[in-house]
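These notes concern the structure reproduced below.
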Amino acid sequence: MKLARVVGNVVSTIKDAGYAGQKLMIIDYIDEDGKLTGNQAIAFDVADAGIGDTVIVNVDGGAANMFLGRQCIADLTICGVIDHLTIDGEVREYH
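So, in structure tokens, the structure goes:
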């Protein structure tokens with residue numbers, strides 16, 4: 001799992017029928033200093049995240065299969081929205 005920020009959404013009018021109704025978001029990974037890396041990717045969103053949210057991204061394709069309830073081809077799944085986290089006693093708020 002990795003931390004990332006949602007920086008955009010993907011609109012696709014034509015896609016495989018198995019993906020109909022599934023939300024895709026553009027994420028930018030966060031480094032250990034809390035800064036965006038500029039390394040962007042597209043992830044399925046099963047946590048109802050929005051642009052600007054800090055999220056947990058599962059980087060195992062098996063998670064997408066579990067969350068979506070079927071066999072699918074996917075590497076990245078947003079599986080949680082972060083409210084805050086604590087690193088070395090320092091609380092970081094994310095809203």
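In terms of this note's numbering, the sequence shown is residues 1 to 95. Where a beta carbon is used, it is the ideal one built from N, C-alpha and C, also for glycine. All figures in this text were calculated on a predicted structure; none of them were measured in a lab.
- Collapsing the DSSP output to three states places residue 94 in coil.
- Between the C-alpha atoms of residue 90 and residue 82 there is a straight-line separation of about 15 Å.
- Of the residues assessed, residue 78 falls on the buried side of the cut-off, its CB having 16 or more other CB atoms within 10 angstroms.
- Ranked by how close their Cα comes to the Cα of residue 17, the residues 84, 42, 73, 58 have 73 in first place.
- Looking at the DSSP output, residue 44 bridges to 24, 77.
- If you draw a straight line from the Cα of residue 60 to the Cα of residue 11, it is about 23 Å long.
- Shown here, residue 17 sits in a helix according to DSSP, grouped into three states.
- A direct Cα-Cα distance of roughly 6 Å separates residue 25 from residue 44.
- Counting only residues of its own chain and dropping the five nearest sequence neighbours on each side, residue 1 has a CB closer than 6 Å to the CB of 56, 58.
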